[in-house]
Amino acid sequence: MKLMHIFVSLWRELMHRNFLFDLDQTLLDFRASEYKALEILNGNELLFYNEYESFYKMTGNSKAFENFCREAFGQDFSQDGFSDINQINRILKYIPKGDDVHILDVGCGNGKMLGYLQDKTGAYIHGFDYSESAIDTAKKLFQTKADFKQGKIGETDYPAEQFDLVVSMDSMYFAPDMEKFVLQIMRWLKKDGVLFVGYQEGDVMPKTDNEKTTVLARALDNCGIQYEVEDITSETYELLKKKRGAALLYQKDFEKEGNKDWLDLLLLQTDCVTEGYDSFAQKMARYIYVVRKNELGRRG
0 MKLMHIFVSL WRELMHRNFL FDLDQTLLDF RASEYKALEI LNGNELLFYN
50 EYESFYKMTG NSKAFENFCR EAFGQDFSQD GFSDINQINR ILKYIPKGDD
100 VHILDVGCGN GKMLGYLQDK TGAYIHGFDY SESAIDTAKK LFQTKADFKQ
150 GKIGETDYPA EQFDLVVSMD SMYFAPDMEK FVLQIMRWLK KDGVLFVGYQ
200 EGDVMPKTDN EKTTVLARAL DNCGIQYEVE DITSETYELL KKKRGAALLY
250 QKDFEKEGNK DWLDLLLLQT DCVTEGYDSF AQKMARYIYV VRKNELGRRG
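Heads up: the sequence shown begins at 0 in numbering that gives the first Met the number 0, then just goes up one per residue.
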């Protein structure tokens with residue numbers, strides 16, 4: 000799951016380094032430029048890797064953040080994005096029954112979402128994330144029927160037809176080649192497998208016209224892969240209002256813990272809901288994409 004504070008920091012860093020984007024360039028070029036910016040290396044570390052590590056260390060020690068997550072999202076998955084319990088529960092119907100069911104979470108963080116899905120279904124859970132701290136926590140929290148490893152999109156691989164379900168909640172943006180990664184996921188899925196994606200526009204990715212014009216949708220179309228999509232922008236607007244309220248509710252607790260900086264970032268990322276919904280929807284959108292490998296399959 001993505002961390003909005005990383006992108007706030009990224010924008011400031013890019014401005015400092017004079018990484019200015021031409022607003023008239025194509026959407027795909029914007030993606031490529033953005034990814035290159037994210038991949039600026041400090042030694043062997045990604046830019047803002049230390050901030051990402053700090054976030055997961057904070058989540059392991061902050062009672063205020065745990066309470067914030069429960070209040071804002073309905074469950075504590077140590078999340079900082081746009082995935083509440085209602086979105087996560089949508090995943091459950093795509094998990095088949097059986098003793099050999101395997102789920103992969105792309106960008107799994109500390110694995111708490113996977114742990115929730117395992118608790119509900121008994122499935123084997125697998126995940127990868129580029130945060131060492133997050134993966135270390137996941138390995139400690141979930142040791143039965145679980146496999147976690149540190150890795151990045153485009154470099155991490157799995158055997159063909161291993162997973163019944165691949166989940167990506169706000170992590171597809173980091174694919175250096177979206178089409179290539181989509182095809183890689185299709186290879187990982189069993190013949191009846193499903194890809195479930197939570198996808199946001201207007202923050203990490205630029206806002207496009209609609210659910211059929213996103214970078215992900217274009218990649219699926221170019222690969223001849225059919226998909227289902229649900230627009231949950233209005234639901235997300237309500238969630239962000241709830242997040243802002245929860246941050247303010249636990250403001251004093253964050254400050255007592257010495258975590259005011261994290262509180263400030265939570266408030267910064269919800270500034271967009273201080274305006275009305277119509278204004279919000281012009282700038283941001285959120286969709287859920289579902290690909291059924293067997294039923295919808297590949298065209299052509």
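Think of the CB as a built atom: it goes at the ideal place given N, C-alpha and C, for glycine as much as any other residue.
The beta carbons of Ala63 and Phe195 sit about 30 Å from each other, so the pair does not count as a contact at 8 Å. Three or more beta-carbon pairs drawn from the segment 143 to 151 and the segment 103 to 121 are found closer than 8 Å, and the two stretches are therefore classed as touching. When the five nearest sequence neighbours on each side are left out, the beta carbons in the same chain lying within less than 7 Å of the beta carbon of Phe279 are those of Tyr236, Cys271, Val272, in order along the chain.
Here Ala71 is not near Lys179, since their CB atoms are 7 Å or more apart. Counting the other CB atoms within 10 Å of its CB gives Ala159 a total below 16, which places it among the exposed residues. Relative to the Cα of Ser61, the nearest Cα in the group Glu154, Ile184, Lys251 belongs to Lys251. Taking the Cβ atoms as the reference, Tyr276 lies roughly 20 Å from Thr213, outside the contact range of under 8 Å. With respect to the C-alpha of Leu103, the residue from Asn209, Lys92, Ala122 having the closest C-alpha is Ala122.
Its Cα nearest to that of Lys292, the residue Leu182 stands out among Lys282, Gly201, Leu182, Thr207.
For Phe127, the enclosing beta strand (DSSP E) starts and ends at 123 to 128.
Looking at the backbone, the Cα of Ala218 and that of Met177 are separated by about 6 Å. Nearest Cα to Asp79 within the set Ile90, Asn221, Met185, Asn66: Asn66. Asp99 is classed as exposed because its beta carbon has fewer than 16 other beta carbons within 10 Å across all chains shown. When DSSP states are grouped into helix, strand and coil, Gly257 belongs to the coil group. Rounded to whole angstroms, the separation of the alpha carbons of Asn109 and Ala137 is 5 Å. By a beta-carbon distance limit of 8 Å, Ser167 does not contact Tyr55. Their separation comes to about 19 Å.
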